[in-house]
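Under numbering that gives the first Met the number 0, read the sequence shown as residues 0 to 268, first letter to last. In this text, a Cβ means the ideal position worked out from N, Cα and C, and glycines have one as well. Remarks on the structure that follows.
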Amino acid sequence: MSNSPLVQATILSPNHSGRRNQKITKIAIHHAAGVINGRNLAGIFVPRSRKASANYNLGSDGVIVLGVDESNRAWTTSSSWCDNRAVTIEVGNSTRGPKWLVSDYVLNRLIDLVTDICRRNGIYPCTYTGGKDGVLQKHEWYKNTNCPGPYLGSKFPYIASEVNKRLRGNNTVSKPVGCLYRVRKSWSDVKSQKGAFKNLDNAKRCADRFRLKVFDDNGKIVYPVGKTIDQLARQVINGKWGNGDERRRRLTNAGYDYYTVQRRVNELL
């Protein structure tokens, strides 16, 4: 069983039950209850103590990260019945409560992902019935929780409709990489974002105005030109970025994703 080609990173969680015992016939969409990028969202489910996971983690930045192979049952909905049948997706918000909004860009990425899951697993039509008999599933049906939140929950009929349009028309999905250039203080600081631009020159002008940086959809600094993750990791190993909280602070203030750098450091050691 293959995973989605839309995946831009893989951060696997150990929190799953191994091979699912049912055919994939459902898709459970959750919200993260926070503004968080894809890599950090997936990282939340890495500790075994978390005892939760999702097959896919779609961050507030639109980056899709594989957390649990589709062939395995993730621990997402508090229901073995649902988790064995459903590919589960965590979605990052664009605002916090009480509305827990999701950006239009991320919503479109979600529709891309759901369409791809349906296409590869032979699910058609993608239905939302308001109950467990439909394809699209809500966490709140299985546990006392306000998930997927009021905004995303209200979009389920729209998601189903848009997915079916794409399945019928065999439309191509949105380009997953290089779509937008984001102007932020750092990749992980979503709230500092001043704009998202298709044109790099416009993004550079915005960055100059606010003294910020420009990132591509993978979180790489494209302006001003930054160091690669490998270069940063080797500098960290050589002691050039300090230790502990000091390292985290210095890397973050410089516009880098501390957790991505630290993972590479751990791989090199």
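Original post:
In this structure, what does DSSP give as the bridge partners for Asn71?
Top reply: Secondary-structure assignment with DSSP links Asn71 through a beta bridge to Arg18.
Original post:
When the Cα atoms are used, what is the spatial distance from Arg247 to Tyr257?
Top reply: If I take the Cα positions, the gap works out to 6 Å.
**OP:** Pick out whichever of Ser59, Gly37 and Asp82 has its Cα sitting closest to the Cα of Gln136.
**Re:** The shortest Cα separation from Gln136 among Ser59, Gly37 and Asp82 belongs to Asp82.
Original post:
DSSP on Ile228, reduced to helix/strand/coil?
Top reply: It is helical.
Subject >> Ser59, buried or exposed, once every other Cβ within 10 Å from all chains shown has been counted against 16 >> reply: With 16 or more Cβ atoms within 10 Å of its Cβ, Ser59 is classed as buried.
Original post:
Are the C-beta atoms of Thr114 and some chain C residue less than 8 Å apart?
Top reply: In summary, chain C is missing from the structure at hand, where a single protein chain is found.
Subject >> Local conformation of Tyr133 per DSSP, three classes >> reply: The amino acid at residue 133 is misidentified as Tyr; the sequence shows Gly. Look at Gly133 here: in three-state DSSP terms it is coil, with no helix or strand label.
Original post:
Do the segment 24–35 and the segment 141–150 make contact, defined as three or more Cβ pairs closer than 8 Å?
Top reply: Counting Cβ pairs under 8 Å, three or more are found: they touch.
Subject >> Among Arg249, Asn237 and Gly243, nearest to Leu268 - alpha-carbon criterion >> reply: The alpha carbon of Leu268 has as its nearest neighbour, out of Arg249, Asn237 and Gly243, the alpha carbon of Asn237.
**OP:** Check the C-beta distance from Arg108 over to Ile43 and give it rounded, since I have them as a contact under 8 Å.
**Re:** Not a contact, Cβ separation roughly 19 Å.
Subject >> CA nearest to the CA of Tyr255, picked from Lys50, Gln234, Gly243 and Ser187 >> reply: Of all alpha-carbon atoms in Lys50, Gln234, Gly243 and Ser187, the one lying nearest the alpha-carbon of Tyr255 is that of Ser187.
Original post:
Taking only runs of the alpha helix (DSSP H) that begin and end inside the segment 22–87, which ones reach a length of at least 4 residues, in chain order?
Top reply: Counting only runs of 4 or more, we get 37–43 and 79–84.
Original post:
Counting pairs of Cβ atoms below 8 Å between the segment 63–76 and the segment 2–9, do you hit three or more?
Top reply: By the criterion of at least three beta-carbon pairs nearer than 8 Å, the segment 63–76 is in contact with the segment 2–9.
Original post:
How far does the alpha helix (DSSP H) with Lys164 in it reach, from first residue to last?
Top reply: Note, Lys164: alpha helix (DSSP H), Phe155 to Gly168.
Original post:
Is DSSP giving Tyr180 helix, strand or coil here?
Top reply: Tyr180 falls in the strand class under three-state DSSP.
Original post:
By a C-beta neighbour count over all protein chains shown, 10 Å radius and 16 as the cutoff for buried, is Phe209 buried or exposed?
Top reply: Phe209 counts as exposed, since fewer than 16 other beta carbons sit within 10 angstroms of its beta carbon.
Subject >> When Ser16, Val90 and Asn20 are compared against Ala41, the one with the closest alpha-carbon >> reply: The residue among Ser16, Val90 and Asn20 with its C-alpha nearest the C-alpha of Ala41 is Val90.
Subject >> The beta strand (DSSP E) enclosing Tyr222, as first and last residue numbers >> reply: Bounds of the beta strand (DSSP E) holding Tyr222 are Ile220 to Tyr222.
Subject >> Asn92 versus Gln261 - alpha carbon distance >> reply: Cα-Cα distance, rounded: 25 Å.
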